[in-house]
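*Asks:* Using UniProt numbering, the letters of the sequence shown map in sequence onto residues 1 to 322.
Note that CB positions come from ideal geometry on N, CA and C, so glycine has one too.
Okay, here's the structure, questions in a sec.
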Amino acid sequence: MEALKNLSLTTSTSIMEIIFPTVNILGPHLQKNRNSILSVPRSTHTYGSHPRQTLDLYPSSTASSTSPILIFFYGGGLTRGDKILEVPILDKLVYHNLGSFFSKQGITTIIPDYRRVDGETGGEGAIYPSGGEDVSAVLHWLSKTDLLDGKGNKKDVHLMGNSAGGLHIATYLLEPRFLEERTLWQGEANLSLKGAVEVGVPFSFEEALAGRKDTLDKYYGSDKDVLTKCPYGLLKAVGESKKSRQELGIPKLLIMNSEYDPVDEILKPNDAFVKLGEEIWEEKIEVIKIEGHNHISPPMALSTGEGEEWGEQAAAWIKGKA
Numbered sequence: 001m002e003a004l005k006n007l008s009l010t011t012s013t014s015i016m017e018i019i020f021p022t023v024n025i026l027g028p029h030l031q032k033n034r035n036s037i038l039s040v041p042r043s044t045h046t047y048g049s050h051p052r053q054t055l056d057l058y059p060s061s062t063a064s065s066t067s068p069i070l071i072f073f074y075g076g077g078l079t080r081g082d083k084i085l086e087v088p089i090l091d092k093l094v095y096h097n098l099g100s101f102f103s104k105q106g107i108t109t110i111i112p113d114y115r116r117v118d119g120e121t122g123g124e125g126a127i128y129p130s131g132g133e134d135v136s137a138v139l140h141w142l143s144k145t146d147l148l149d150g151k152g153n154k155k156d157v158h159l160m161g162n163s164a165g166g167l168h169i170a171t172y173l174l175e176p177r178f179l180e181e182r183t184l185w186q187g188e189a190n191l192s193l194k195g196a197v198e199v200g201v202p203f204s205f206e207e208a209l210a211g212r213k214d215t216l217d218k219y220y221g222s223d224k225d226v227l228t229k230c231p232y233g234l235l236k237a238v239g240e241s242k243k244s245r246q247e248l249g250i251p252k253l254l255i256m257n258s259e260y261d262p263v264d265e266i267l268k269p270n271d272a273f274v275k276l277g278e279e280i281w282e283e284k285i286e287v288i289k290i291e292g293h294n295h296i297s298p299p300m301a302l303s304t305g306e307g308e309e310w311g312e313q314a315a316a317w318i319k320g321k322a
């Protein structure tokens with residue numbers, strides 16, 4: 001979308017500066033496609049005991065019992081975000097648009113709400129590793145529900161996290177406390193964790209904006225905790241364990257970042273994370289650059305008819321056709 005490119009070139013790539021202009025650019029495109037987006041139904045379910053632990057399920061447009069399953073964790077700086085955003089210009093279409101898009105790609109899609117760090121807009125008192133715990137709870141719910149099949153067939157599952165949502169997925173995949181569970185999903189369980197797609201994720205915070213310190217301290221703890229518990233710090237510990245990716249129950253990764261993502265908060269940490277991962281596991285980690293997008297726009301562009309290539313690439317990877 002030319003408007004997104006112009007925004008990044010004339011304003012900046014700073015996340016806080018582009019949020020509302022990006023929403024204003026994409027809102028009308030979503031509204032034009034409202035009927036198509038809402039043609040895919042969603043149902044809401046509870047996946048845990050906390051009031052925040054609910055999820056929306058978008059069935060695949062093909063046979064749901066055999067389709068791959070995608071669990072998407074949205075972004076929001078650890079303090080914001082909802083599975084349906086209450087922003088007037090978006091008309092309650094985000095993230096229904098994402099669920100609808102992947103459904104039409106033949107992928108059953110689950111979008112959970114998760115606990116957030118307390119801030120000016122509210123929060124549920126989330127502290128590390130609550131994000132990983134919420135990922136875990138969704139997977140356990142999925143392993144037990146008969147909504148999608150009822151015949152006990154194995155479910156092929158991929159995780160996708162955008163920005164802060166990707167932090168929570170990385171916590172689940174790299175934290176030692178989830179090791180036993182991850183290996184379960186690689187074994188005889190009725191759920192098989194096949195891969196994870198990380199979209200615009202801040203894998204470390206050395207160059208995070210000063211305004212993020214309060215939130216990071218609330219979630220992670222001390223400055224040292226931020227260093228060791230961020231995805232890069234967890235990956236470093238994985239390397240020191242000398243265990244293979246398979247031994248640790250970590251699935252294949254696809255790293256995606258946008259052409260106009262901020263260099264300091266996203267692109268440099270992405271490069272460092274990929275470099276370290278490739279050194280540790282002695283294998284290539286696939287990276288896809290999302291052309292023409294900024295940090296906010298990729299999920300919101302889905303189901304607009306423009307800027308959807310990244311979603312098509314992710315869907316192909318999930319379905320093993322990349």
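1. Which whole runs of the beta strand (DSSP E) in the segment 248 to 284 are 3 residues long or more, in chain order?
2. Considering only the beta carbon of each residue, do LEU159 and ILE288 sit closer than 7 Å?
3. Using DSSP's beta-bridge definition, name the partner residues of ILE290.
4. I'd like to know whether the C-beta atoms of GLY131 and THR79 end up nearer to each other than 7 Å.
5. Taking the Cβ atom as the reference point for each residue, do PHE205 and PHE273 lie within a distance shorter than 7 Å?
6. Would you kindly check if the distance between the Cβ of LYS213 and the Cβ of PRO251 is under 7 Å?
7. At what residues does the alpha helix (DSSP H) containing LYS104 begin and finish?
8. SER163 and GLY122: beta carbons closer than 7 Å?
9. Mind reading off the beta-carbon distance from GLU306 to HIS29? Whole number of angstroms is fine, and I expect it under 8 Å.
10. Please state whether DSSP places ALA196 in a helix, a strand or coil.
11. Do the CB positions of VAL197 and LEU254 come within less than 7 Å of each other?
12. Can you give me the start and stop residues for the alpha helix (DSSP H) that VAL135 sits inside?
13. Kindly indicate which three-state DSSP category residue 326 falls into: helix, strand or coil?
14. Mind checking THR13: buried by the 16 CB within 10 Å criterion, or exposed?
15. Under the three-state reduction of DSSP, which class applies to LYS155: helix, strand or coil?
16. Quick one: what does DSSP say ILE107 is sitting in, helix, strand or coil?
17. Within its chain, find whatever has a CB closer than 8 Å to the CB of ILE37; leave out the 5 residues flanking it on each side and keep chain order.
18. Here's the rule I'm using: 16 or more other beta-carbon atoms within 10 Å means buried, otherwise exposed. How should THR215 be labelled?
19. Anyone know if the C-beta pair for ASN294 and LEU4 falls short of 7 Å?
20. On a Cα-Cα basis, can you pick out the residue from GLY211, VAL40, GLU181 that is closest to THR108?
21. With respect to the beta strand (DSSP E) encompassing ASP56, which residues constitute its N-terminal and C-terminal limits?
22. Give every residue of the same chain whose Cβ lies closer than 6 Å to the Cβ of GLU133, excluding the five residues on either side of it in the sequence, and list them in chain order.
23. Using 7 Å as the threshold, is the C-beta distance between LEU184 and VAL238 below it?
*Replies:* The structure says:
1. 252 to 260
2. no
3. SER258
4. no
5. no
6. no
7. 96 to 104
8. no
9. 7 Å
10. strand
11. yes
12. 130 to 144
13. Absent from the structure is residue 326, since the part of the chain shown begins at 1 and ends at 322.
14. buried
15. strand
16. coil
17. LEU30, LEU93, HIS96, ASN97, SER100, SER303
18. buried
19. yes
20. VAL40
21. 54 to 58
22. none
23. no
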